[in-house]
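Protein chains in written order, with this note's numbering: chain A, 1 to 316; chain B, 1 to 487.
Heads up, the beta-carbon is just placed ideally off N, CA and C, and yes, glycines get one too.
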């Protein structure tokens with residue numbers, strides 16, 4: 001089965017946007033719940049969410065309403081759940097001929113639902129049911145793709161897109177959390193460290209699996225180790241990279257992207273996150289993110305370039 | 001119910017005759033629709049939501065942007081009996097045989113001109129004649145592989161061919177999707193009516209395209225060439241590629257190498273393409289030969305095609321027969337090439353390049369439709385009956401300035417069918433029918449076609465770009481006994 005470079009790129013991006021929409025919805029959900037747990041005196045704000053999504057400068061005063069709107073319903077903001085789904089849909093629309101029809105219908109109807117119910121994302125009373133619906137339907141779509149499409153080259157690009165986005169999102173969540181404990185209000189938050197780290201784990205759907213695997217209480221170092229290094233948990237950076245490299249091996253011309261992937265994995269081999277302070281975690285995560293960016297570029301240069309003289313397009 | 005006072009004065013209604021009775025062969029369908037009662041409205045809503053979810057759209061270009069609109073669909077089917085359709089199919093196949101012989105002749109010896117059947121001067125003025133195609137002999141001798149012909153019915157019930165679309169006819173995906181929608185909302189109604197299926201079209205199209213492969217025997221690589229997502233028919237291009245398991249490609253996805261073969265740019269490197277189903281107009285196909293500013297085409301594509309290294313459907317230049325002046329000659333062409341009388345008549349057509357026919361058109365403008373020879377989608381159409389004196393003067397000026405480019409036809413009162421209108425009333429609306437004809441080693445005609453309906457009361461313009469809707473078309477075998485009405 002042959003796959004056009006242009007179509008591969010669309011498939012890759014639809015997977016990334018879909019994953020991003022789900023992850024952003026989960027962030028909002030978990031943060032909303034965390035708010036119910038912490039006393040106001042703890043001084044936890046909504047600004048950290050903006051840092052996760054790299055949009056801190058877009059909001060003058062990060063009130064709950066402003067931040068939640070920006071991340072969920074704001075059609076003018078490219079990082080909102082709504083925009084991510086619209087972008088996933090636009091990409092999938094260009095790839096309808098290679099993906100199962102039912103996947104298109106599912107995403108199209110989710111997109112329409114979000115367009116019609118955008119207002120419910122902001123209102124506290126309806127917010128959790130809104131985020132739950134988005135998350136569930138994104139997962140349904142992922143399950144549908146897994147269940148009905150051939151695990152061919154097209155599938156590999158879906159997998160690579162999904163796992164790169166996941167790895168990226170996990171590092172962002174960790175980075176911001178490290179930032180919270182570094183920040184000015186860190187002292188007031190210290191008594192709630194376990195609550196906050198539980199929330200970090202939840203925002204990556206990792207809480208229950210963490211408890212089962214670590215058989216220890218929730219603590220910063222343990223949580224970090226789990227989210228970075230656990231080979232079995234599907235959202236750990238390690239697992240995402242392994243899954244991504246497995247998909248790369250299904251493709252031709254995988255040398256350059258595989259090397260980029262191995263380089264990021266290499267960063268994690270001897271690192272002892274438990275011994276790091278928050279500043280060191282931040283520096284380390286920065287390195288990981290640069291590595292993930294390089295991996296994306298390697299994939300893009302190898303497979304998506306349209307030039308016949310390009311590195312990948314030289315032989316049949 | 002609403003059905004009791006349904007009438008369509010002055011037009012032939014497809015479903016109900018002048019006495020308010022179902023037409024022969026339609027009683028089964030009508031009985032079921034009546035049984036539905038107000039539930040019909042409910043099902044129309046369901047159909048609309050199904051269309052929304054399935055993402056069946058078409059794009060309209062307006063105010064400088066493309067807007068994606070849900071495909072307009074009316075739930076009440078248009079019914080044709082299997083007997084009538086068998087005759088129509090025969091007539092369409094006959095027509096396409098003659099048209100293909102004509103195109104091959106024009107790019108070959110032009111016997112038709114030498115024998116005085118077709119005037120040479122019409123060719124020198126033809127905007128769709130491609131000098132670059134002279135002397136080319138495409139596989140099977142076929143040029144117009146895919147044709148969408150528009151059929152209309154006049155007040156007396158006669159079915160006419162209104163035009164033949166031989167360039168890049170569109171609409172077949174909506175024909176197929178309409179049936180999908182109908183099956184979802186009328187599952188109970190469908191079961192015991194004998195309605196001919198339409199689903200084999202993509203498979204027939206695939207077989208036709210495969211037969212054009214320059215590497216027979218191999219599993220051919222087939223690509224659907226689309227201008228891209230901003231084209232109004234993009235939905236259809238994507239749909240057909242998906243249904244055929246073909247590659248949906250844009251110009252930049254292809255390149256022609258020094259061996260004159262066409263290649264796809266894939267993640268695994270270049271892969272040779274055998275057949276291109278192009279949905280890009282001739283002039284944009286190859287910037288080396290036609291418009292050099294075209295970014296939609298593939299440099300060298302004509303070279304590859306002329307060298308026989310790639311099959312292209314429809315063949316470049318096939319549009320020479322898609323011209324409303326050529327249309328006027330089709331009955332003569334059928335007689336000339338096949339020695340047969342046309343099975344489906346043409347609408348009487350007056351050619352403005354001939355002085356006497358032109359003066360007839362200009363003297364009767366109020367009762368005429370005046371069409372430019374080379375527009376499609378209903379653009380540039382003049383309809384006499386609602387026109388103002390100013391508009392008539394304007395069209396007269398245009399005709400006199402360029403007579404070769406205009407034909408006139410009497411205004412037909414297009415047939416109607418019951419349509420669910422605003423306020424949930426059932427009213428007659430005018431419609432036409434676009435069947436699709438495939439020509440290759442054998443011929444295939446769709447079971448029915450795309451019924452397009454003018455949703456505005458009294459309107460004769462059915463184009464979806466201008467407020468038209470659509471209906472599912474049922475070819476029904478009336479020999480199946482209708483259900484008995486509940487006592």
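Among the options, the one whose alpha carbon lies nearest that of residue i
{"i": "residue 200/B", "options": "386/B, 224/B, 323/B, 240/B", "result": "240/B"}
{"i": "residue 199/A", "options": "173/A, 286/A, 212/A", "result": "173/A"}
{"i": "residue 134/B", "options": "144/B, 463/B, 453/B, 105/B", "result": "105/B"}
{"i": "residue 346/B", "options": "261/B, 191/B, 408/B", "result": "408/B"}
{"i": "residue 247/A", "options": "286/A, 162/A, 56/A, 66/A", "result": "162/A"}
{"i": "residue 306/B", "options": "24/B, 139/B, 84/B", "result": "139/B"}
{"i": "residue 423/B", "options": "42/B, 11/B, 25/B", "result": "42/B"}
{"i": "residue 83/B", "options": "448/B, 452/B, 460/B, 464/B", "result": "448/B"}
{"i": "residue 9/B", "options": "475/B, 413/B, 333/B", "result": "413/B"}
{"i": "residue 399/B", "options": "176/B, 34/B, 361/B", "result": "361/B"}
{"i": "residue 191/A", "options": "30/A, 292/A, 42/A", "result": "42/A"}
{"i": "residue 512/B", "options": "386/B, 310/B, 223/B, 357/B", "result": "What the structure shows of chain B is the stretch from 1 to 487, and residue 512/B is not part of that stretch, so it cannot be assessed."}
{"i": "residue 55/A", "options": "45/A, 78/A, 40/A", "result": "78/A"}
{"i": "residue 137/B", "options": "452/B, 309/B, 382/B, 397/B", "result": "309/B"}
{"i": "residue 226/B", "options": "383/B, 254/B, 211/B", "result": "254/B"}
{"i": "residue 235/A", "options": "215/A, 205/A, 70/A, 180/A", "result": "205/A"}
{"i": "residue 216/B", "options": "275/B, 332/B, 271/B, 269/B", "result": "275/B"}
{"i": "residue 165/A", "options": "67/A, 139/A, 241/A, 91/A", "result": "241/A"}
Whole-Å CB distance - residue i paired with residue j, under 8 Å assumed
{"i": "residue 57/B", "j": "residue 70/B", "result": "6 Å"}
{"i": "residue 233/A", "j": "residue 223/A", "result": "About 11 Å; that fails the 8 Å criterion."}
{"i": "residue 107/A", "j": "residue 141/A", "result": "6 Å"}
{"i": "residue 351/B", "j": "residue 410/B", "result": "Not really, about 14 Å apart at Cβ, beyond 8 Å."}
{"i": "residue 154/A", "j": "residue 98/A", "result": "5 Å"}
{"i": "residue 20/B", "j": "residue 11/B", "result": "Contact doesn't hold; Cβ gap of about 15 Å is too wide."}
{"i": "residue 102/B", "j": "residue 337/B", "result": "7 Å"}
{"i": "residue 145/B", "j": "residue 208/B", "result": "6 Å"}
{"i": "residue 406/B", "j": "residue 371/B", "result": "7 Å"}
{"i": "residue 373/B", "j": "residue 143/B", "result": "Not confirmed; about 19 Å, so no contact."}
{"i": "residue 51/A", "j": "residue 176/A", "result": "5 Å"}
Residue environment, residue i, which counts as buried when at least 16 other CB atoms sit within 10 Å
{"i": "residue 430/B", "result": "buried"}
{"i": "residue 307/A", "result": "Only weak support is given to the placement of residue 307/A: the predicted model assigns it a pLDDT of 49, under 50, and the value that follows is read from those uncertain coordinates. Classification for residue 307/A: exposed."}
{"i": "residue 16/B", "result": "buried"}
{"i": "residue 151/A", "result": "exposed"}
{"i": "residue 418/B", "result": "buried"}
{"i": "residue 393/B", "result": "exposed"}
{"i": "residue 518/B", "result": "In the structure as shown, chain B starts at 1 and stops at 487, and residue 518/B therefore has no counterpart that could be examined."}
{"i": "residue 489/B", "result": "Outside the modelled stretch of chain B, which goes from 1 to 487, sits residue 489/B, for which no answer is possible."}
{"i": "residue 22/B", "result": "buried"}
{"i": "residue 484/B", "result": "Because the pLDDT at residue 484/B is just 46, under 50, the model does not fix this residue reliably, and the value given afterwards should be weighed accordingly. Burial call: exposed."}
{"i": "residue 36/A", "result": "exposed"}
{"i": "residue 232/B", "result": "buried"}
{"i": "residue 471/B", "result": "buried"}
{"i": "residue 5/A", "result": "buried"}
{"i": "residue 38/B", "result": "exposed"}
{"i": "residue 315/B", "result": "buried"}
Residue i: first and last residue of the uninterrupted alpha helix (DSSP H) it sits in
{"i": "residue 52/B", "result": "39–54"}
{"i": "residue 210/A", "result": "207–214"}
{"i": "residue 240/A", "result": "237–249"}
{"i": "residue 334/B", "result": "324–338"}
{"i": "residue 488/B", "result": "Coverage of chain B is limited to positions 1 through 487, which leaves residue 488/B absent and any answer about it impossible."}
{"i": "residue 271/A", "result": "Careful: residue 271/A lies outside any alpha helix (DSSP H) and carries neither H nor E."}
{"i": "residue 174/B", "result": "172–185"}
{"i": "residue 357/A", "result": "One cannot answer for residue 357/A here, as it falls past the ends of chain A, which runs 1 to 316."}
Where the beta strand (DSSP E) through residue i begins and ends
{"i": "residue 371/B", "result": "368–372"}
{"i": "residue 30/A", "result": "Per DSSP, residue 30/A belongs to no beta strand (DSSP E); it is in the alpha helix (DSSP H), 5–37."}
{"i": "residue 149/B", "result": "146–153"}
{"i": "residue 474/B", "result": "468–476"}
{"i": "residue 159/B", "result": "159–165"}
Cutoff 8 Å: residue i Cβ touching any chain C Cβ
{"i": "residue 258/A", "result": "Absent from the structure is chain C; the protein chains it does hold are A and B."}
Contained beta strand (DSSP E) runs [length at least 3] in the region 61–129 of chain B, N- to C-terminal order: DSSP runs (the beta strand (DSSP E)) wholly in the region 61–129 of chain B: 65–70, 73–81.
Every unbroken alpha helix (DSSP H) within the region 380–453 of chain B, with a cutoff of 4 residues, ordered by chain: Fully enclosed alpha helix (DSSP H) runs of 4 or longer: 389–401.
Whole alpha helix (DSSP H) elements within the region 215–276 of chain B, 4-residue minimum: Here the runs fully enclosed are 234–244.
Every unbroken alpha helix (DSSP H) within the region 135–192 of chain A, with a cutoff of 4 residues, ordered by chain: Segments of the alpha helix (DSSP H) lying fully in the region 135–192 of chain A: 153–182, 186–189.
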